[in-house]
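**Student:** Numbering (UniProt numbering), first residue to last: 2 to 259.
Note that CB positions come from ideal geometry on N, CA and C, so glycine has one too.
A single structure is presented below for examination.
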Ligand code: A3P
């Protein structure tokens, strides 16, 4: 009974057109009225854009590269999600790789709706009917906001191409100044290979009834351009057309392959 309870899908509800967990919707006014203190740091990512990756990078910087300190708890506890509004319980990544990653995540995460076939999921995703809402709204919204507030806008693809350079940006944003050797260590420790083996980041502590990693591992591929293995030529053309319309008027430019 416990297992089936654990594996039960979370209840979802729309708020202002965005599909969210019921627990989030129930606490919406409280979440919406959140005011950051001057030294608060919020990580705002679209699902599957590399949340866990940037969380680990930020903690490694915060702890001055001390690996043991970063082992003190699983990542979900070190960086709780604000929208879950209970203890303990979001970089941008290009839309096509996010869609692929999210599809596989919904296949293995029994708390989330079954994604259906890839063709079905393609429609769900472009219509923004996934939990946490539309990729387009998320990315456009934060991109427009970035110069008005103290926001560091990061791209997954940039971290992948030149991790040291991007980690240095995060470090400066956090007001930290770490030695070259510490930086190199952080680059190494936050690599996909290391984080895939790290029980504090790879979700291996989550029960199989919730996340079945035999269906698809949480640390799945960690690459740029896996969408090419999923999108048909027709889907790709259609997607590009929709993308142009939805993203019209923004200057944002995504790297789709390395
Ligand atoms: P894939 O499914 O494409 O492999 P989130 O943490 O927001 O759920 O994002 C998960 C995605 O980030 C997964 O993508 C995962 O493999 C990738 N990821 C996690 N850690 C990473 C790392 N250190 N380097 C590159 N990609 C990483």
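Among 136, 83, 180, whose alpha-carbon lies nearest the alpha-carbon of residue 29?
**Tutor:** 83
**Student:** Out of 155, 135, 134, state which residue places its alpha-carbon closest to the alpha-carbon of residue 144.
**Tutor:** 155
**Student:** From 136, 25, 161, pick the residue whose C-alpha is nearest to that of residue 247; which is it?
**Tutor:** 136
**Student:** Determine, using beta carbons only, whether residue 66 and residue 188 come nearer to each other than 8 angstroms.
**Tutor:** no
**Student:** For residue 252, count the other beta carbons within 10 Å of its own beta carbon; 16 or more makes it buried, fewer makes it exposed. Which is it?
**Tutor:** exposed
**Student:** Should the region 28 to 45 be called in touch with the region 163 to 172, which here means at least 3 C-beta pairs below 8 angstroms?
**Tutor:** no
**Student:** Specify the secondary structure class of residue 20 as computed by DSSP and reduced to three states.
**Tutor:** strand
**Student:** Out of 74, 20, 218, which has the shortest C-alpha to C-alpha gap to residue 194?
**Tutor:** Comparing Cα positions, the closest option is 218.
**Student:** Count the other CB atoms within 10 Å of the CB of residue 254; is the residue buried (16 or more) or exposed (fewer)?
**Tutor:** exposed
**Student:** Using only CA atoms, which one of 191, 119, 123 lies nearest to residue 243?
**Tutor:** 123
**Student:** Under 8 angstroms by Cβ, that's how I've got residue 54 and residue 196 pegged, so tell me the actual separation to the nearest angstrom.
**Tutor:** With a Cβ gap of about 7 angstroms, residue 54 and residue 196 count as contacting.
**Student:** Note the first and the last residue of the continuous alpha helix (DSSP H) segment covering residue 184.
**Tutor:** From DSSP, the alpha helix (DSSP H) with residue 184 extends over 181 to 190.
**Student:** For residue 221, which option in 34, 109, 116, 171 has the closest C-alpha, if you only look at C-alpha atoms?
**Tutor:** 109
**Student:** Taking 7 angstroms as the line, does the beta carbon of residue 193 fall inside it for any heavy atom of the ligand SAH?
**Tutor:** The ligand SAH is absent from the structure shown, which contains only the ligand A3P.
**Student:** Name, in chain order, the residues that DSSP records as bridge partners for residue 15.
**Tutor:** Beta-bridge annotation (DSSP): residue 15 is paired with 20.
**Student:** Determine whether the beta carbon atoms of residue 157 and residue 74 lie at a separation below 8 angstroms.
**Tutor:** It is not a contact, given that the beta carbons lie outside the stated cut-off.
**Student:** Quick check: residue 202 and residue 76, are their CB atoms within less than 8 angstroms of each other?
**Tutor:** yes
**Student:** Specify, as a first and last residue, the run of the alpha helix (DSSP H) that residue 97 falls within.
**Tutor:** 96 to 109
**Student:** In the DSSP assignment, what are the bridge partners of residue 156?
**Tutor:** Residue pairing by DSSP places residue 156 opposite 93 in a beta bridge.
**Student:** For the ligand A3P, is there a heavy atom less than 7 angstroms away from the beta-carbon of residue 159?
**Tutor:** no
**Student:** So residue 112 and residue 10 are supposed to be a Cβ contact under 8 angstroms. How far apart are they, rounded?
**Tutor:** 6 angstroms
**Student:** Using a Cβ-Cβ cutoff of less than 8 angstroms, which residues in the same chain neighbour residue 258 once the five nearest sequence positions on both sides are dropped?
**Tutor:** Apart from sequence neighbours up to five positions away, the residues of its chain that approach residue 258 with a beta-carbon distance below 8 angstroms are 225, 226, 229, ordered along the chain.
**Student:** Pull up the DSSP beta-bridge partners for residue 212, would you.
**Tutor:** 110
**Student:** What is the DSSP secondary structure of residue 148, reduced to helix, strand or coil?
**Tutor:** coil
**Student:** If we ignore side chains and look at the alpha-carbon of each, how far apart do residue 35 and residue 64 end up?
**Tutor:** 26 angstroms
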